[in-house]
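A quick write-up on the structure given underneath.
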Amino acid sequence: MSLTIESLNHQITDGHGKRQLLSDLSLTVGQGECIGLMGDSGSGKTTLLNLIAGLEPIQQGQIILAGVALAQASEQQLSDLRKTQLGIIFQQYNLLSSLSVQDNIAFSARLADRYDASLCTALARQLDIQALLNQYPLTLSGGEMQRVAIARAMSAQPQLLLADEPTGNLDDNNSSCVVELLVKLAKSHNTALVLVTHSHNVAAKMDKIYQLADGQLTLVNK
Numbered sequence: 001m002s003l004t005i006e007s008l009n010h011q012i013t014d015g016h017g018k019r020q021l022l023s024d025l026s027l028t029v030g031q032g033e034c035i036g037l038m039g040d041s042g043s044g045k046t047t048l049l050n051l052i053a054g055l056e057p058i059q060q061g062q063i064i065l066a067g068v069a070l071a072q073a074s075e076q077q078l079s080d081l082r083k084t085q086l087g088i089i090f091q092q093y094n095l096l097s098s099l100s101v102q103d104n105i106a107f108s109a110r111l112a113d114r115y116d117a118s119l120c121t122a123l124a125r126q127l128d129i130q131a132l133l134n135q136y137p138l139t140l141s142g143g144e145m146q147r148v149a150i151a152r153a154m155s156a157q158p159q160l161l162l163a164d165e166p167t168g169n170l171d172d173n174n175s176s177c178v179v180e181l182l183v184k185l186a187k188s189h190n191t192a193l194v195l196v197t198h199s200h201n202v203a204a205k206m207d208k209i210y211q212l213a214d215g216q217l218t219l220v221n222k
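All residue numbers for the sequence shown refer to full-length UniProt numbering, where the first residue is 1 and numbers rise by one.
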């Protein structure tokens with residue numbers, strides 16, 4: 001399995017003191033499986049992604065990614081895991097403005113020591129950005145930047161992709177196209193996908209939809 005979450009509990013401190021954000025939460029995501037994660041603002045969706053990515057410490061419970069138990073992993077192990085097994089697609093794209101589109105796409109793959117020129121070329125073609133390779137991020141539209149961000153995340157051939165509201169800045173048409181491409185790429189590369197979204201249309205393109213409320217995940221019928 002790509003991702004296993006077991007009995008995860010997480011508390012945060014807000015204006016009212018300590019609050020239980022995640023309560024005995026469990027989830028299993030298999031290779032090539034695409035999961036949509038929905039929930040109200042403040043329900044813990046982004047925190048859950050951060051915990052999966054090893055960006056926040058696990059308070060109680062366990063997350064196992066690519067065979068690594070994150071609760072017992074060292075900072076170096078977590079860093080290596082993010083480089084080699086995990087792809088993250090941000091709502092704000094986070095492209096490097098000083099690098100061309102071509103070099104942005106290759107960035108994650110080079111970091112993971114998995115650079116494959118033919119794969120980067122194929123990703124650019126599949127995402128219809130091959131004509132933009134010599135341009136720089138500041139010259140691109142929102143939809144184009146999101147496609148570049150997807151290509152960059154996929155170029156390192158991760159086992160798991162995390163996407164936090166990846167279409168939040170796109171119109172409905174671009175949003176639909178980007179998500180369809182993302183799911184198609186995940187399936188073709190046997191990469192698991194966990195995607196946070198407020199859009200029911202986006203979530204409907206996933207294999208499964210989970211609602212996060214009161215610290216628990218509930219499987220939603222499509």
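Glycine included, each C-beta is placed from N, C-alpha and C at the ideal position. Here the structure is a predicted model, which is why all the values come from computation and not from measurement.
Review point. So, helix, strand or coil for residue 190, using DSSP?
Key: coil
Practice item. May I ask which residues mark the beginning and end of the alpha helix (DSSP H) holding residue 205? Key: That residue, residue 205, is in no alpha helix (DSSP H); it is neither H nor E in DSSP.
Check your understanding: Would you call the segment 173-188 and the segment 31-40 in contact, with 3 or more CB pairs under 8 Å?
Key -> yes
Review point. Among 28, 51, 39 and 37, which has the Cα closest to the Cα of residue 11?
Key: 51
**Study point:** C-beta contact flag for residue 95 and residue 137 at 8 Å
**Key:** yes
Check your understanding: What are the boundary residues of the alpha helix (DSSP H) that residue 48 is part of?
Key -> 45-52
Check your understanding: Is residue 139 buried or exposed, if buried means 16 or more other CB atoms sit within 10 Å of its CB?
Key -> exposed
Check your understanding: Using DSSP with H/G/I as helix, E/B as strand and the rest coil, what is residue 213?
Key -> strand
Point to revise | Buried versus exposed call for residue 2 [16 or more other C-beta atoms within 10 Å across all chains shown] | key: buried
Exercise for review: Ignoring anything shorter than 4 residues or poking outside the segment 59-105, list the alpha helix (DSSP H) runs there in chain order.
Suggested key: 75-84
Check your understanding: Going by other Cβ atoms of all chains shown within 10 Å of its Cβ, with 16 needed for buried, is residue 164 buried or exposed?
Key -> buried
Check your understanding: Can the beta-carbon of residue 114 be found closer than 8 Å to that of residue 157?
Key -> yes
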